[in-house]
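Line order of the protein sequences matches chains G and A.
Yeah, the first sequence ends on 154 if you go by the working numbering, and it's all consecutive.
Yeah, the second sequence ends on 1108 if you go by the working numbering, and it's all consecutive.
A short write-up of the structure that comes next.
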Amino acid sequence: MKLNKLRKISRRNALQLIAGFTGTAIFPSISFAESNQALNRINEITKGLGATESDIWLDLPEIAENGNQVKVSFEMDSPITESDYVKTVYILADGNPSPNVAKFSFTPEMGSCSATTRIRLSKTQNVYLLAENNNGQFLMTNTKVKVTIGGCGG
Amino acid sequence: MSKIKPRVKVPKEVSIDEIIEIKTLIRHPMHSGRMKDTDGQTIPRHIINSFSAKFNGKEIFQMDLEPSISTNPFIVFQYKAKESGKFDFEWIDDNGEIYSISKNMVVS
């Protein structure tokens, strides 16, 4: 009797089962194995110190229909005095051919640490903001952008 | 090739300590070095790689641009008006060409 029940798993079912198992086993390992170039770059810029996750206002569209022109705005909360101001802001992308997008150098004369520009995104990805103040402290934040049509050519 | 000309919007008259917004736009193809032309040939990289703003000769803002910046770079930033003077804006591209424009501002 037991043998009969076992045989009810047909060859087709067995193949499907195997395909299912291997599928779930292989794909997560691929997505985890992908190293994040933006985080690697952050590590490089901060010389391994890393950055503190912070609540920085980083504005990007949730869904970008055209990856050729994606508007990005940010504003840092900073006292902006000669002794305490944000010196540099980096915009980095983890899905573009290169992680570097832009580097802004601010001065205390500006009275505010905010800027807007338009960037290219080749696919759906995370955009990172890394800020360094004049005392060498790093802050970061990131946001995910869904891209319908990629904008890097090639 | 289209003529490259920068455009900048700065308020002409402002009150003291007012934080003003400066909008800049320059016509530039920003070839990333990855795009192909109609014959399938790769267009060599040709981008504006640096932008800077000076006020009365002192640099107040600088930006490094990478190939991930869109065609016709659009940059907006802010500045706290303290005194009347002149802004000098400068864009430099991969061929070493410099595009510049100046704007005056009166603080009352």
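All C-beta atoms in this analysis are idealised placements derived from N, C-alpha and C, irrespective of residue type, glycine included.
None of the values given here were measured: they were computed from a predicted structure.
Neighbourhood of residue i by C-beta, 8 Å cutoff - its chain only, sequence neighbours within 5 removed
{"i": "threonine 52 (chain G)", "result": "Gln137, Phe138, Leu139, Met140"}
{"i": "phenylalanine 151 (chain G)", "result": "The question names phenylalanine, but residue 151 (chain G) is glycine in the sequence shown. These residues qualify, in order along the chain: Asn66, Gly67, Asn68, Gln69, Val70, Arg120, Leu121, Ser122."}
CB contact below 8 Å: residue i versus chain G
{"i": "isoleucine 1047 (chain A)", "result": "no"}
{"i": "proline 1073 (chain A)", "result": "yes"}
{"i": "proline 1066 (chain A)", "result": "Just to set this straight, residue 1066 (chain A) is glutamate in the shown sequence, not proline. With 8 Å as the cut-off, glutamate 1066 (chain A) counts as an interface residue toward chain G."}
{"i": "isoleucine 1019 (chain A)", "result": "yes"}
{"i": "serine 1070 (chain A)", "result": "yes"}
{"i": "isoleucine 1016 (chain A)", "result": "no"}
{"i": "isoleucine 1004 (chain A)", "result": "no"}
{"i": "arginine 1034 (chain A)", "result": "yes"}
{"i": "glutamine 1041 (chain A)", "result": "no"}
{"i": "isoleucine 990 (chain A)", "result": "This structure cannot settle anything about residue 990 (chain A), because the visible part of chain A is limited to 1001 through 1108."}
{"i": "methionine 1063 (chain A)", "result": "yes"}
{"i": "valine 1106 (chain A)", "result": "no"}
Nearest neighbour of residue i, chosen from the options [CA to CA]
{"i": "phenylalanine 104 (chain G)", "options": "G:Ser114, G:Pro97, G:Gly95, G:Asn96", "result": "G:Ser114"}
{"i": "leucine 92 (chain G)", "options": "A:Tyr1099, A:Asp1088, A:Val1106, A:Ser1068", "result": "A:Ser1068"}
{"i": "leucine 121 (chain G)", "options": "G:Ser98, G:Phe74, G:Glu62, G:Gly67", "result": "G:Gly67"}
{"i": "valine 101 (chain G)", "options": "G:Tyr85, G:Arg118, G:Pro108, G:Thr107", "result": "G:Arg118"}
{"i": "alanine 38 (chain G)", "options": "G:Ser54, G:Pro97, G:Asp55, G:Thr88", "result": "G:Pro97"}
{"i": "leucine 129 (chain G)", "options": "G:Pro61, G:Asn135, G:Glu75", "result": "G:Glu75"}
{"i": "lysine 1058 (chain A)", "options": "A:Gly1085, A:Lys1005, A:Asp1093", "result": "A:Gly1085"}
{"i": "arginine 1007 (chain A)", "options": "A:Lys1023, A:Asp1094, A:Lys1082", "result": "A:Lys1023"}
{"i": "valine 145 (chain G)", "options": "G:Asn133, G:Asp77, G:Val127, G:Gly50", "result": "G:Val127"}
Sequence-distant residues of the same chain with beta carbon closer than 6 Å to residue i, five excluded per side
{"i": "serine 1100 (chain A)", "result": "Glu1090"}
{"i": "threonine 41 (chain G)", "result": "According to the sequence provided, residue 41 (chain G) is arginine. The question's threonine does not apply to it. Excluding positions up to five away in sequence, the list reads Leu92, Pro99."}
{"i": "threonine 116 (chain G)", "result": "Ser73"}
Under 8 Å between C-beta atoms of residue i and residue j
{"i": "serine 1108 (chain A)", "j": "glutamate 1013 (chain A)", "result": "yes"}
{"i": "glycine 111 (chain G)", "j": "glutamine 1062 (chain A)", "result": "no"}
{"i": "histidine 1028 (chain A)", "j": "isoleucine 1043 (chain A)", "result": "no"}
{"i": "threonine 148 (chain G)", "j": "isoleucine 63 (chain G)", "result": "yes"}
{"i": "asparagine 1026 (chain A)", "j": "proline 1073 (chain A)", "result": "Sequence check: residue 1026 (chain A) is isoleucine here, not asparagine. Cβ atoms of isoleucine 1026 (chain A) and proline 1073 (chain A): closer than 8 Å."}
{"i": "serine 1050 (chain A)", "j": "aspartate 1039 (chain A)", "result": "no"}
{"i": "asparagine 1060 (chain A)", "j": "lysine 1054 (chain A)", "result": "Note that residue 1060 (chain A) is isoleucine in the sequence shown here, rather than asparagine. The answer is yes: Cβ separation under 8 Å."}
{"i": "valine 1010 (chain A)", "j": "lysine 1103 (chain A)", "result": "yes"}
Contacts around residue i, its chain only, beta-carbon distance under 7 Å, and the 5 residues preceding and following it disregarded
{"i": "asparagine 36 (chain G)", "result": "Asp94"}
{"i": "proline 108 (chain G)", "result": "Ile80, Thr81, Glu82, Tyr85"}
{"i": "isoleucine 45 (chain G)", "result": "Tyr90, Leu130"}
Neighbour flag for residue i against chain A, beta carbons, 8 Å
{"i": "asparagine 68 (chain G)", "result": "yes"}
{"i": "threonine 46 (chain G)", "result": "no"}
{"i": "threonine 81 (chain G)", "result": "no"}
{"i": "asparagine 36 (chain G)", "result": "no"}
{"i": "lysine 146 (chain G)", "result": "no"}
Within chain D, partners of residue i - CB distance below 7 Å
{"i": "threonine 116 (chain G)", "result": "Looking for chain D here will not work: the only protein chains present are G and A."}
Worksheet item: When you check each C-beta in the stretch 90 to 114 of chain G against every C-beta of chain A, which residues fall closer than 7 Å?
Response: Ala93, Asn96, Pro97, Ser98, Asn100, Val101, Ala102, Lys103, Phe104, Ser105, Phe106, Thr107, Glu109, Met110, Gly111, Ser112, Ser114
Worksheet entry | Near-chain A residues of the stretch 118 to 143 of chain G (beta-carbon distance less than 7 Å), N- to C-terminal order | Arg118, Ile119, Arg120
Discussion item. Counting only Cβ-Cβ distances shorter than 7 Å, please list the residues of the stretch 1074 to 1101 of chain A near chain G, keeping chain order.
Written reply: Phe1074, Ile1075, Val1076, Phe1077, Gln1078, Tyr1079, Lys1080
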